[in-house]
Structure formats: C-alpha cells, structure tokens
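**Q** Numbering (the numbering used here), first residue to last: 7 to 193. Glycine included, each C-beta is placed from N, C-alpha and C at the ideal position. What follows is a structure written as structure tokens; I'll ask about it next.
Written as structure tokens, this is what we have:
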C-alpha cells in the first residue's frame, strides 16, 4: 500500500484510540457507589483568587468504600474546601472535624443507578459517533487518493481496513459500557 494510505490508517486508529480514552475518562466521573478520588474531580477551590482543582490544595484519600477524606495542605483552607464541595452540587455533605474533611458516600438508590446507567449509555453513544466520524473522514481521504490516481484495489482494501477498525472500536465501546453498567447496577 502507498505511504498516504498507511498514514490515513495510522491516524484513523490513533483518533479511534482517542475516542476510547475520552470515554474511559468520562466513565471515571460517573460514580458507581464506591468512593473514589475521581468523584471530586469537578470540584475547584478558590485558592488566593484563582480556581484551583481540589487535588492541588489537599490530599485526597479513600480509607474505605464509603468514605473520602481530605487533608488540606493549609489548615486555613478547611472552610473554603467545604464550601467548594457544597457549591459543586455533587450530592455530598462534607463534615469538617477541625483537622480534615470527611465525606460519607451515600449508597445509590435504584433510580439513581438507572440514571447513571443512562448517562453511561449517552457517553458510549458519543464515543461511537466519534469513531464513525473518524471512519467517514478516513474514507473521504481514501476517495481523494483514488481520484488522484491511487489504484482502486488498494483504496478498496484500505476502506475495508477502516471498516474493520471501526467494528473493532465499536465493540470495545460496547464492552466498556457493559462493564460500567454492571459496576453501576451492582449493589
């Protein structure tokens, strides 16, 4: 195959990998009942006038499956961190014991589990759309090469390879979604 075709196939696979990586990152933000520092990833604290990620102003620990503890690097940040968690509206009620902040992660209700499963499906569908858009772009590039004189057989085989990649990545997305749904629905 020509170098242009090889380049198209490599960049296609790279972009599809990007869709999978993005999906995995989005899945981390969907809590599945077990405490995780990633649950606080969207919380930003006012640190001397600038919005700073919570992880940069405190040590976040998960001593057990239902508890998150935050140990601020500066003692005077306790109230600010507590306020930031409340403002983030992520469903947690932080408790300040004067030394650290303790968050009890409540168990998920059945309705909330279904809601989170739907959210996971939406994220998976977005990833599939991303993969299909990459396929469309690759096929457009292959058609251009065909018009510029690249052999029809080479282009046809490149299109088949792009479709195989698409099928492979759609299957990976479905597997990731099934695993996430199982994790969410597990009590």
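Which residue's Cα is closest to the Cα of residue 133: 23, 17, 14?
**A** Out of 23, 17, 14, 23 has the C-alpha closest to the C-alpha of residue 133.
**Q** Counting only the same chain and skipping the five closest in sequence on each side, list residues whose C-beta sits under 7 angstroms from that of residue 71.
**A** For residue 71, where only same-chain residues beyond five positions count, the Cβ hits under 7 angstroms are 40, 41.
**Q** For residue 141, count the other beta carbons within 10 Å of its own beta carbon; 16 or more makes it buried, fewer makes it exposed. Which is it?
**A** When all chains shown are included, residue 141 counts as buried.
**Q** How is the beta strand (DSSP E) around residue 108 delimited, first residue to last?
**A** That run of the beta strand (DSSP E) goes 107 to 110.
**Q** Consult DSSP for residue 192 and reduce its assignment to one of helix, strand or coil.
**A** Residue state, collapsed to three classes: coil.
**Q** Check whether the Cβ atoms of residue 51 and residue 86 sit closer than 8 angstroms, and answer yes or no.
**A** Yes, these two residues count as a Cβ contact at 8 angstroms.
**Q** For residue 128, is the classification buried or exposed, using 16 other Cβ atoms within 10 angstroms of its Cβ as the cut-off for buried?
**A** Burial call: exposed.
**Q** Got a sec, what are the start and stop residues for the alpha helix (DSSP H) residue 50 sits in?
**A** Element bounds for residue 50: not the alpha helix (DSSP H) but the beta strand (DSSP E), 50 to 53.
**Q** Considering only residues of the stretch 96 to 165, which uninterrupted beta strand (DSSP E) runs meet the minimum length of 3 residues and lie entirely inside it, listed in chain order?
**A** The stretch 96 to 165 contains these whole beta strand (DSSP E) runs: 100 to 102, 107 to 110.
**Q** Have a look at 76, 172, 77, 32 and flag the residue whose alpha-carbon is nearest the alpha-carbon of residue 16.
**A** Among 76, 172, 77, 32, the Cα nearest to that of residue 16 is on 172.
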